[in-house]
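Heads up: the structure comes next, in structure tokens.
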Amino acid sequence: MHRRKIIAANWKMNKSISAAETFAREFSRRSDLADACDIVIIPPFFSVRPVADTLAGTQIHVGAQDLHWEASGAFTGEVSAAMLQDAGATYVIVGHSERRHLMGESDAVVAKKLAAALRASLIPILCVGETLAEREAGRQTGVVERQLTTAFEAVDERAAAPTVIAYEPVWAIGTGRTASAEDAVAMHRAIRDWMQTRFGETAAAVARIQYGGSVNPDNAAELLAREDIDGLLVGGASLDAGSFAAIAGAVPAA
Ligand code: PGA
Numbered sequence: 254m255h256r257r258k259i260i261a262a263n264w265k266m267n268k269s270i271s272a273a274e275t276f277a278r279e280f281s282r283r284s285d286l287a288d289a290c291d292i293v294i295i296p297p298f299f300s301v302r303p304v305a306d307t308l309a310g311t312q313i314h315v316g317a318q319d320l321h322w323e324a325s326g327a328f329t330g331e332v333s334a335a336m337l338q339d340a341g342a343t344y345v346i347v348g349h350s351e352r353r354h355l356m357g358e359s360d361a362v363v364a365k366k367l368a369a370a371l372r373a374s375l376i377p378i379l380c381v382g383e384t385l386a387e388r389e390a391g392r393q394t395g396v397v398e399r400q401l402t403t404a405f406e407a408v409d410e411r412a413a414a415p416t417v418i419a420y421e422p423v424w425a426i427g428t429g430r431t432a433s434a435e436d437a438v439a440m441h442r443a444i445r446d447w448m449q450t451r452f453g454e455t456a457a458a459v460a461r462i463q464y465g466g467s468v469n470p471d472n473a474a475e476l477l478a479r480e481d482i483d484g485l486l487v488g489g490a491s492l493d494a495g496s497f498a499a500i501a502g503a504v505p506a507a
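Written out as structure tokens, the structure is:
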């Protein structure tokens, strides 16, 4: 089963609007990279529209970092799926570990956000991953399976299909400590097994599972060479257009 790799740039809370536009202009010169893989740029909310406008006419996609699960209403500070689409986003990150751990987002909240994204036909990038303490206690697979079970609780096979899953071990994010390709592959297989049990063989075979956590131009090729790793979610190393282009350029020819 060939799965097209997907390389996403999660800028987190970085870059002004003009810096975001500069990146998009520079990166649009490398829009040929999108021939070999799906590329998604995920800036802060304000820059979704300017980045989408700058990349219009290329095959490069734009996403957002979070959403609220309601369509509209009295939710001060929140942004809905429809608003993100209106701004030009086609992807949205759901349940990033920084939201889970720093903003107190529970598995149940993540589930509501996942359902809202799917309802709106935004492609969710659902993040899962264990902390260092959980890994040291040998609990990593159980933790990730619990996150998946709750996130997909109210979602059927057909609705779940577009979801991209990003395995991001919390101890590897922003620490310079990447999971070994073996550790990543082992977890990606466990996630695919979980998908098979929950949604069946076909759904599991087509599901794309990214790795994230201290990915950079030096380790991208080794990760992307593995059949079980369907792409990368890149934080720090995605802030520079040249570095992100080098990572996307490490996708092996199909
Ligand atoms: P990092 O972040 O590449 O800076 O480790 C990855 C992420 O959190 O998505």
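So the number in the working numbering is just where the residue sits in the sequence shown, counting from 1, plus 253. C-beta atoms are modelled at their ideal positions from N, C-alpha and C, and glycine is treated no differently. Keep in mind it's a predicted model, so treat the numbers as computed, not measured.
In this structure, the ligand PGA has no non-hydrogen atom nearer than 8 angstroms to the beta-carbon of residue 498.
The beta carbons of residue 440 and residue 397 sit about 6 angstroms from each other, so the pair counts as a contact at 8 angstroms.
In this structure, the beta-carbon distance from residue 291 to residue 270 does not fall below 9 angstroms.
Where residue 291 is concerned, there is no enclosing alpha helix (DSSP H), although the beta strand (DSSP E) around it starts and stops at 291–295. Among the bridge pairs identified by DSSP, residue 417 is matched with 378 and 461. Taking all protein chains in view, the Cβ of residue 254 is surrounded by fewer than 16 other Cβ atoms within 10 Å, so the residue is classified as exposed. Residue 456 and residue 425 have their C-alpha atoms spaced approximately 28 angstroms apart.
For residue 501, the CB stays at least 8 angstroms from every heavy atom of the ligand PGA. In terms of Cβ geometry, residue 421 and residue 466 form a close pair [threshold 9 angstroms]. When C-alpha distances from residue 427 are compared across 327, 492 and 435, the shortest belongs to 492. Taking 8 angstroms as the cut-off, the C-beta of residue 323 does not count as close to any heavy atom of the ligand PGA. Between the region 362–374 and the region 343–354, the count of Cβ pairs shorter than 8 angstroms is three or higher; the stretches touch.
Between the region 272–287 and the region 465–483, the count of C-beta pairs closer than 8 angstroms stays below three; the two stretches do not touch. Residue environment: residue 257 is assigned as exposed (fewer than 16 neighbouring CB atoms within 10 Å of its CB, all protein chains considered). Inside the region 358–412, DSSP marks whole beta strand (DSSP E) runs of 3 or more residues at positions 376–381, from first to last along the chain.
Annotated as distal: residue 360 and residue 407, with beta-carbon spacing of 9 angstroms or more. Annotated three-state conformation of residue 489 is helix, per DSSP. Out of 284, 476 and 314, the CA that lies nearest to the CA of residue 263 is found in 314. Distance from the Cα of residue 311 is smallest, within the candidate group 334, 320, 285 and 324, for 285. With a contact defined as Cβ atoms closer than 8 angstroms, residue 434 and residue 394 miss out at about 17 angstroms. Taking a C-beta distance under 9 angstroms as the contact criterion, residue 295 and residue 327 do not qualify as a contact pair.
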